[in-house]
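Numbering (this note's numbering), first residue to last: 222 to 335.
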């Protein structure tokens with residue numbers, strides 16, 4: 222029986238490291254899905270391809286240094302399609318050991334309006 226395991230991360234680097242760990246532990250690439258739910262401004266800041274059309278007083282080096290490290294924003298959702306309970310347990314161990322959040326557990330623990 223197939224199991225769908227969902228975990229979220231606040232940082233892209235953590236989500237990508239967890240995805241790589243899953244792949245390294247034998248999960249097929251088509252069984253591991255990483256997606257982002259970004260804010261209204263978009264998931265990435267500082268990742269411009271063409272710039273604003275204005276020449277930079279500092280030249281090309283100034284432009285490159287300003288946009289060299291884009292800031293990723295959003296919630297990174299990692300979904301694993303496990304084919305068995307053993308794979309599900311292995312995926313849980315990999316993900317939970319890398320700071321993942323279980324969105325269902327978070328929702329269950331949230332205060333309910335009275």
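For every residue, glycine included, the Cβ atom is placed at its ideal position computed from N, Cα and C. This one's a predicted model, so the numbers in the text were calculated from it and none came from an experiment.
Could you tell me the alpha carbon to alpha carbon distance between residue 228 and residue 333, rounded to whole angstroms? 22 angstroms
Going by DSSP, what residue range makes up the beta strand (DSSP E) through residue 225? From DSSP, the beta strand (DSSP E) with residue 225 extends over 224 to 230.
Using DSSP with H/G/I as helix, E/B as strand and the rest coil, what is residue 310? helix
Answer yes or no: do residue 258 and residue 298 have a C-beta to C-beta separation smaller than 8 angstroms? Yes; because the gap between Cβ atoms is below 8 angstroms, this pair is in contact.
Supposed close pair residue 226, residue 303 - CB separation, criterion 8 angstroms: Confirmed, about 6 angstroms.
Of all Cβ atoms in chain C, is any one closer than 8 angstroms to the Cβ of residue 306? Protein chains in the displayed structure number just one, and chain C is not present.
Distance, residue 242 Cα to residue 321 Cα: Using only the alpha carbons, I get a separation of about 13 angstroms.
Please report the distance separating the alpha-carbon of residue 324 from that of residue 296. 11 angstroms
With DSSP collapsed to three states, give me the class of residue 239. helix
Using CA atoms only, rank isn't needed, just tell me which of 301, 311 and 223 is closest to residue 236. 301
Quick check: what's the CA-CA separation for residue 309 versus residue 249? 13 angstroms
Taking 7 angstroms as the cut-off, is the CB of residue 327 close to at least one heavy atom of the ligand NAP? This structure lacks the ligand NAP, and indeed carries no ligand of any kind.
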